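Chains as they are written, first to last, in the numbering used here: chain D, 117 to 507; chain U, 117 to 507. In this text, a Cβ means the ideal position worked out from N, Cα and C, and glycines have one as well. The structure displayed is predicted, hence computed values, not measured ones.
2 protein chains.
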Amino acid sequence: MNSNIWRTLLFHTRRFSTTSTKNAYRSFTKAALLVSGGTGVAVICYMGNFPKVHAASGVATVSKAHSKWMADSITDVEVFEQNPNDMKTKMEMMILRMQGEICKELESIDGDKKFRVDRWTREQGGGGITCVMQDGTVFEKAGVNISVVHGTLPQGAVNQMRSRGRKLQGQSLPFFAAGISAVIHPKNPHCPTIHFNYRYFEVTDETGEKEWWFGGGTDLTPYYLVKEDVVHFHKTLKAACDKHNQTFYPKFKKWCDDYFNIPHRGERRGVGGIFFDDLDYADKDELFNFLTTCAEAVIPSYVPIVQKHKNDGYSLGERQWQLLRRGRYVEFNLIYDRGTKFGLQTPGARYESILMSLPLTARWEYRHEPEVGSKEDLLLQVLREPKDWVS
Amino acid sequence: MNSNIWRTLLFHTRRFSTTSTKNAYRSFTKAALLVSGGTGVAVICYMGNFPKVHAASGVATVSKAHSKWMADSITDVEVFEQNPNDMKTKMEMMILRMQGEICKELESIDGDKKFRVDRWTREQGGGGITCVMQDGTVFEKAGVNISVVHGTLPQGAVNQMRSRGRKLQGQSLPFFAAGISAVIHPKNPHCPTIHFNYRYFEVTDETGEKEWWFGGGTDLTPYYLVKEDVVHFHKTLKAACDKHNQTFYPKFKKWCDDYFNIPHRGERRGVGGIFFDDLDYADKDELFNFLTTCAEAVIPSYVPIVQKHKNDGYSLGERQWQLLRRGRYVEFNLIYDRGTKFGLQTPGARYESILMSLPLTARWEYRHEPEVGSKEDLLLQVLREPKDWVS
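Set out below in structure tokens:
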């Protein structure tokens, strides 16, 4: 098998953690059958509808792509080769590529630290690749993770989906989920934190009905407000949205402001961006292309801002303010974020990957109130009353 | 009115924040009537069953006690004077006294910083006194709060109580709650963090049935394990329990280990102590006396440990480990703690008082694992497998 050759080569040239290599070559073919096992139609469709000639040309494509990934794919490449048009294959290959591109870009900006790469498998099905850089010159903590998991949805997750309006029948539902998720906390308080997450979900209910949807978003959390940076960030996201649907940006911008809210403080976490979930209307491939465009917009939306400010001077007071705002970031993630809650409730979830979103350091001062009219106060005004950045 | 004299004196001699003094002299008599308004019996009982002679002798007692409080009581002292035997009066006077004693003790140990005292009122009924010391010589952050609130229980809280087995009928239930709650984070990693909370709750359901219960506990979170300190702490709590009921300590020690659990990490927050809730059996006054003994045991259980270690030398590595453990403290409080969740859900809750439990600084490192056999690892073993400290 061709794919074995580059897999062997790769094994000797890439960084892996000890724990992560152990299970790296476990075959996922059986697992893939298991995921789709909830519906007879899906099994046939997944395993049988690609003639051998496609699979053969797939080898070259997968092999070429692989050299840019941070680690071996979660699903066995044979499954990719046999199912190049399946959305599971497309999503996993897209997130593997984006993880590679973004990690390389951040390593080149940092110039000092490299990402630690942990490839892990989940007992109940699937696994992930967690890439974390800690205590770099530019980046204090950056995590870029992918996960491709399948199995049976826990009851809590089914209820959460139903509460969002999904008509899922039954108790114990087979699911597949693939996503990329990242949080990048730079050291310099003049460089904002960015978070993004793009994901694809499939659930088969007990009537055999298969539901699928996409979700995701990118949002920015500055510590000091530089209007033109925020405008650049939002304009880049708007251009990505507009390429696919003119209604997306205004809708998803508002959704983002509503989602990243810290109700007990009456503040947003940051200056927003875009956020969406349950995207299942329109053409599936077109939605996948939209997701890809969004993921590809991460670097151009963010990197210029980091490059601009990474060498800015800052005072101890500015650093303290950054740490206080990171405390708010922790509050949002641990109290309100649906992803974190869902993650920690999922049996066999890898909590270290979920909690990599937390900053290296955070601070809580009782009743900290910035001076009226100060730069810190200026930021707070915008967090309390989200603004329109592109018109 | 006698009580007006010392109130006026006090106003000129004690520290108050600007915001807290504004509503300090609002009369609470109407509010107190409102709380008890759910049941005719309660109103009569609360306002009418103490002859004037008791009220008059109450003035002297209340007046003497007041000089040791951190601020004016939440409920008007006239209500105390008229109802000296009502559990609401007893609880509020006990927590006011304990807050005063503990704050004074901590100030004397710190020798540098004083507590900032914020007396606040809650629009929906009641209020509290939040005392916070920040960035002291010995104490990095210490909060000792009391709150005395009443009004209508939010639906979420009613459901939470029902899920614990309380048979409350109806949707919108009048309640009264009084409690003291404190978290003390010393600077030195060799001094443990302590938390305690003692509370009394009354709810009247729509059938007019009044339920009441006590809850509380004290628990210790060391960063390094000093066996004899933990034994001293547990023995002091056991002695307090044994004074009232020999079955309390073993039961409440286990409850504490079970409650302060961080399931996603498979670790307890600290080395435990005692924890209990829904204590409504036996004689009400006897349970109040038990609560009082527990609250009085806080200083003897904890202060000797702080005195012993407050000047210990420590390395940067030991400080970093302390901050990592404080990250776990934040995880427990924001994800799992019922008090924090209940607090943040309560309309009109003062989030600054609820979140004062968070440390001044915390740290999250991806996959931090102490060296096997190190002092840090020794602590982890105990957090993973709670021990018996007194036999």
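Alpha carbon of alanine 147 (chain D) to alpha carbon of methionine 203 (chain D), nearest angstrom | Position 31 of the first sequence holds residue 147 (chain D). Position 87 of the first sequence holds residue 203 (chain D). Because the pLDDT of alanine 147 (chain D) is 25, which lies under 50, any placement of that residue in the model is unreliable, and the question is left without a value.
Just how far apart, CA to CA, sit proline 305 (chain D) and cysteine 372 (chain D)?
-> One-based indexing of the first sequence puts residue 305 (chain D) at position 189. One-based indexing of the first sequence puts residue 372 (chain D) at position 256. Roughly 23 Å separates the two Cα atoms.
Isoleucine 415 (chain U), enclosing alpha helix (DSSP H) - first and last residue = As a first step, residue 415 (chain U) is located in the second sequence; it is residue number 299 there, counting from the start. Its alpha helix (DSSP H) spans residues 414 to 425.
Grouping DSSP H, G and I as helix and E and B as strand, with all else coil, what is lysine 103 (chain U)?
-> There is simply no residue 103 (chain U) to check, as chain U begins at 117 and stops at 507 in what is shown.
Identify each residue in the segment 474 to 504 of chain U for which the Cβ-Cβ distance to at least one residue of chain D is less than 7 Å, and report them in chain order.
-> Leu474, Pro475, Leu476, Thr477, Ala478, Arg479, Trp480, Glu481, Tyr482 and Arg483
Quick one: give me the first and last residue of the alpha helix (DSSP H) that leucine 496 (chain U) is part of.
-> Indexing the second sequence from 1 puts residue 496 (chain U) at position 380. Counting along the chain, the alpha helix (DSSP H) containing leucine 496 (chain U) begins and ends at 491 to 500.
What does isoleucine 451 (chain D) reach in chain U if we use C-beta pairs closer than 9 Å?
-> Residue mapping note: residue 451 (chain D) aligns to position 335 of the first sequence, counting from 1. Neighbours of isoleucine 451 (chain D) on chain U, chain order: Leu450, Ile451, Thr456, Lys457 and Leu460.
On the premise that alanine 294 (chain U) lies in contact with phenylalanine 458 (chain U), defined as a C-beta separation below 8 Å, what is that separation, rounded to the nearest angstrom?
-> The count along the second sequence starts at 1 and reaches residue 458 (chain U) at position 342. The count along the second sequence starts at 1 and reaches residue 294 (chain U) at position 178. Contact flag wrong, Cβ pair sits at about 15 Å.
How many Å lie between asparagine 199 (chain U) and glutamate 256 (chain U) at the Cα?
-> Sequence index remark: in the second sequence, residue 199 (chain U) carries index 83 (1-based). Sequence index remark: in the second sequence, residue 256 (chain U) carries index 140 (1-based). Their Cα atoms are separated by approximately 40 Å.
Exposed or buried, what is arginine 500 (chain U) when buried is set at 16 or more other beta-carbons lying within 10 Å of its beta-carbon?
-> Taking the first residue of the second sequence as position 1, residue 500 (chain U) is located at position 384. The residue in question, arginine 500 (chain U), is exposed, as its Cβ has fewer than 16 Cβ neighbours within 10 Å.
Own chain partners of aspartate 396 (chain U) with C-beta closer than 6 Å, once the 5 adjacent residues on each side are dropped = Within the second sequence, the letter at position 280 stands for residue 396 (chain U). So the list reads Trp329, once near-sequence residues are dropped.
Return the Cβ separation of isoleucine 245 (chain U) and alanine 187 (chain U) in integer angstroms, given the expectation that the two are a contact with Cβ distance under 8 Å.
-> Taking the first residue of the second sequence as position 1, residue 245 (chain U) is located at position 129. Taking the first residue of the second sequence as position 1, residue 187 (chain U) is located at position 71. A Cβ-Cβ separation of about 5 Å places isoleucine 245 (chain U) in contact with alanine 187 (chain U) under the 8 Å criterion.
Spell out a yes or no on whether the segment 307 to 314 of chain U and the segment 275 to 282 of chain U are touching, meaning 3 or more CB-CB pairs, one atom from each, closer than 8 Å.
-> In short, these stretches do not touch, since the Cβ pair count stays below three.
Could you pull out every unbroken beta strand (DSSP E) segment of at least 3 residues lying fully inside the segment 271 to 353 of chain D, listed in chain order?
-> 290 to 302, 309 to 320 and 326 to 337
In whole angstroms, what is the alpha-carbon distance linking threonine 205 (chain D) and phenylalanine 312 (chain D)?
-> Mapped onto the first sequence, residue 205 (chain D) falls at position 89. Mapped onto the first sequence, residue 312 (chain D) falls at position 196. Roughly 21 Å between the two C-alpha positions.
Exposed unless 16 or more other CB atoms sit within 10 angstroms - verdict on threonine 454 (chain D) | Taking the first residue of the first sequence as position 1, residue 454 (chain D) is located at position 338. In the sequence under discussion, the amino acid at residue 454 (chain D) is arginine, which differs from the threonine named in the question. Looking at its Cβ environment, which holds fewer than 16 other Cβ atoms inside 10 Å, arginine 454 (chain D) is exposed.
Do leucine 341 (chain D) and phenylalanine 349 (chain D) have their C-beta atoms closer together than 8 Å?
-> Along the first sequence, read from residue 1 onward, the residue named residue 341 (chain D) stands at position 225. Along the first sequence, read from residue 1 onward, the residue named residue 349 (chain D) stands at position 233. No. Outside cutoff.
Decide if proline 475 (chain U) is buried, meaning its Cβ has at least 16 other Cβ atoms within 10 Å, or exposed.
-> Within the second sequence, residue 475 (chain U) is the residue found at index 359, counting from 1. Buried, because 16 or more other Cβ atoms sit within 10 Å of the Cβ of proline 475 (chain U).
Exposure of glutamine 438 (chain D), with buried meaning 16 or more beta-carbon neighbours within 10 Å = Residue mapping note: residue 438 (chain D) aligns to position 322 of the first sequence, counting from 1. Glutamine 438 (chain D) comes out buried.
Below 8 Å between beta carbons: does that hold for leucine 269 (chain D) and glutamate 327 (chain D)?
-> Within the first sequence, the letter at position 153 stands for residue 269 (chain D). Within the first sequence, the letter at position 211 stands for residue 327 (chain D). No, these two residues do not count as a Cβ contact at 8 Å.
So tyrosine 467 (chain D) packs on leucine 460 (chain D), CB below 8 Å; how close in whole Å?
-> As a working mapping, residue 467 (chain D) is identified with position 351 in the first sequence. As a working mapping, residue 460 (chain D) is identified with position 344 in the first sequence. Contact flag correct, Cβ pair sits at about 6 Å.
Within 8 Å, strictly: CB atoms of glycine 389 (chain D) and threonine 334 (chain D) | Residue 389 (chain D) sits at position 273 when you count from the first residue of the first sequence. Residue 334 (chain D) sits at position 218 when you count from the first residue of the first sequence. Yes.
Write down the C-beta distance between arginine 444 (chain U) and glutamate 383 (chain U) rounded to the nearest angstrom, noting that I regard them as a contact closer than 8 Å.
-> Looking up residue 444 (chain U) in the second sequence gives position 328. Looking up residue 383 (chain U) in the second sequence gives position 267. Your pair arginine 444 (chain U) and glutamate 383 (chain U) checks out as a contact, with CB atoms roughly 7 Å apart and the cut at 8 Å.
Proximal residues, the segment 368 to 398 of chain U versus chain D, C-beta separation under 7 Å = Per Cβ criterion, the list reads His380 and Arg381.
Assigned secondary structure, methionine 186 (chain U) (DSSP; H/G/I helix, E/B strand, else coil) | As a working mapping, residue 186 (chain U) is identified with position 70 in the second sequence. Here methionine 186 (chain U) sits in coil by DSSP.
Of the residues U:Lys351, U:Lys359, U:Pro290 and U:Thr352, the one placed nearest glutamate 325 (chain U), counting alpha carbons only = Walking along the second sequence from the start, residue 325 (chain U) turns up at place 209. Nearest of U:Lys351, U:Lys359, U:Pro290 and U:Thr352 to glutamate 325 (chain U), Cα basis: U:Pro290.
Entirely within the segment 440 to 481 of chain D and at least 3 residues each: give me those beta strand (DSSP E) ranges in chain order.
-> 477 to 479
If you drop the 5 nearest sequence neighbours on each side, which residues of the same chain put their C-beta closer than 6 Å to that of glutamate 239 (chain U)?
-> Residue mapping note: residue 239 (chain U) aligns to position 123 of the second sequence, counting from 1. So the qualifying residues of the chain are Gly464.
For aspartate 228 (chain U), the nearest candidate out of U:Met472, U:Met209 and U:Met249 (CA to CA) | Along the second sequence, one-based indexing puts residue 228 (chain U) at 112. For aspartate 228 (chain U), the nearest C-alpha among the options comes from U:Met249.
Residue-level contact to chain U via CB, leucine 471 (chain D), 8 Å cutoff | Position 355 of the first sequence, counted from the first residue, corresponds to residue 471 (chain D). Closer than 8 Å to some Cβ of chain U, the Cβ of leucine 471 (chain D) qualifies, so yes.
Indicate whether valine 509 (chain U) and serine 473 (chain U) have their beta-carbon atoms separated by less than 8 Å.
-> Outside the shown range of chain U, which is 117 to 507, sits residue 509 (chain U), and nothing can be said about it.
Residue burial classification, glutamate 487 (chain D) (beta-carbon count within 10 angstroms, cutoff 16) | Translated into the one-based positions of the first sequence, residue 487 (chain D) becomes position 371. It is exposed - the Cβ of glutamate 487 (chain D) has fewer than 16 other Cβ atoms within 10 Å.
Have a look at valine 446 (chain D) and serine 263 (chain D) and give me their C-alpha separation to the nearest angstrom.
-> Counting from one through the first sequence, the residue named residue 446 (chain D) turns up at place 330. Counting from one through the first sequence, the residue named residue 263 (chain D) turns up at place 147. Rounded to the nearest angstrom, the two C-alpha atoms are 22 Å apart.
Extent of the continuous alpha helix (DSSP H) run through lysine 257 (chain D) | As a working mapping, residue 257 (chain D) is identified with position 141 in the first sequence. Note, lysine 257 (chain D): premise wrong, no alpha helix (DSSP H); beta strand (DSSP E) at 255 to 268.
Would you say alanine 413 (chain U) and leucine 496 (chain U) are within 8 Å of each other, going by their C-beta atoms?
-> Locating residue 413 (chain U) in the second sequence gives position 297, where the first residue counts as 1. Locating residue 496 (chain U) in the second sequence gives position 380, where the first residue counts as 1. Contact flag unset, no.
Could you tell me whether any Cβ in chain U is nearer than 8 Å to the Cβ of valine 260 (chain D)?
-> Reading the first sequence from its first residue, position 144 is the one you call residue 260 (chain D). Answer no: the Cβ-Cβ gap between valine 260 (chain D) and chain U never drops below 8 Å.
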